[in-house]
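Below is one structure; the comments refer to it alone.
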Amino acid sequence: MAYKVKIEGNESFELAKECVNSVFLSTDIPIDSNARTNDAGATMEITGKILTAVDGDPFDSTKNMALWSMVPAQSKDCYRKVTVEQIVAGITKRKYVFSNAFVVAYTERHGDEEGVGNFTLVIKQKKDKMAGLVVEGGYAAE
175 MAYKVKIEGN ESFELAKECV NSVFLSTDIP IDSNARTNDA GATMEITGKI
225 LTAVDGDPFD STKNMALWSM VPAQSKDCYR KVTVEQIVAG ITKRKYVFSN
275 AFVVAYTERH GDEEGVGNFT LVIKQKKDKM AGLVVEGGYA AE
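Remember, my numbering sits 174 above the position in the sequence shown when you count from 1.
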């Protein structure tokens with residue numbers, strides 16, 4: 175199983191398949207609601223490893239996530255298109271597209287023994303762009 179994560183904006187980048195460990199998607203509905211509300215949102219959490227680029231390996235794209243997380247809200251580039259595909263045995267099991275995603279939280283953890291860091295990226299879809307959120311799956315991977 176592998177994950178393809180592509181983040182598009184002023185500086186587009188993809189995460190290496192070896193980096194991503196898990197993806198968690200949730201629909202956010204206000205708790206105090208007694209009925210379905212128009213205030214629903216969507217959150218995605220992506221976790222993985224920060225691998226060291228050695229011997230001609232591609233540049234560590236996880237650095238670009240850290241930089242994106244620091245883009246101020248006043249900048250148009252704080253909103254980006256994020257596409258995540260879960261591929262199992264050549265089949266795209268799930269494909270999520272957040273057309274206007276912004277970073278809610280980004281963390282990195284590094285240890286002095288493992289040599290591998292870990293990251294967690296939490297994004298949300300902009301609420302007035304919920305119609306642009308796509309969930310697909312069940313077809314051959316490209």
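By construction, the Cβ of each residue, glycine as well, lies at the ideal position given by its N, Cα and C atoms.
Just the Cα atoms here: how many angstroms apart are Val258 and Glu287? Position 84 of the sequence shown, counted from the start, is the residue given in the question as residue 258. Position 113 of the sequence shown, counted from the start, is the residue given in the question as residue 287. About 31 Å.
Hey, how far is the Cα of Tyr270 from the Cα of Phe276? Here residue 270 is taken as the residue at index 96 of the sequence shown, counted from 1. Here residue 276 is taken as the residue at index 102 of the sequence shown, counted from 1. Distance between the alpha carbons of Tyr270 and Phe276 is about 15 Å.
Is it true that the CB of Glu282 sits closer than 8 Å to the CB of Ala247? The count along the sequence shown starts at 1 and reaches residue 247 at position 73. The count along the sequence shown starts at 1 and reaches residue 282 at position 108. Cβ atoms of Ala247 and Glu282: not closer than 8 Å.
May I ask which residues mark the beginning and end of the beta strand (DSSP E) holding Met304? Along the sequence shown, one-based indexing puts residue 304 at 130. In the DSSP annotation of this structure, Met304 is not part of any beta strand (DSSP E), being labelled neither H nor E.
Hey, could you find the ends of the beta strand (DSSP E) Asn195 is sitting in? For the purposes of this step, residue 195 is identified with residue 21 of the sequence shown, where counting begins at 1. Residues 194-202.
Hey, could you find the ends of the beta strand (DSSP E) Ser160 is sitting in? Since the first and last residues shown for the chain are 175 and 316, residue 160 lies out of range.
For a quick check, are the C-beta atoms of Gly264 and Ala305 less than 8 Å apart? Numbered from its first residue, the sequence shown carries residue 264 at position 90. Numbered from its first residue, the sequence shown carries residue 305 at position 131. Cβ distance not < 8 Å, so Gly264 and Ala305 don't count as in contact.
Let me make sure I understand the geometry here. Which of Thr221, Met218, Val278 has the alpha-carbon closest to that of Met244? The residue given as residue 244 occupies position 70 in the sequence shown. Here the closest residue by C-alpha is Val278.
Smallest Cα separation from Tyr313: which of Thr266, Gly285, Ala216, Asn195? Against the sequence shown, residue 313 aligns to sequence position 139. Tyr313 has its Cα closest to that of Thr266, out of Thr266, Gly285, Ala216, Asn195.
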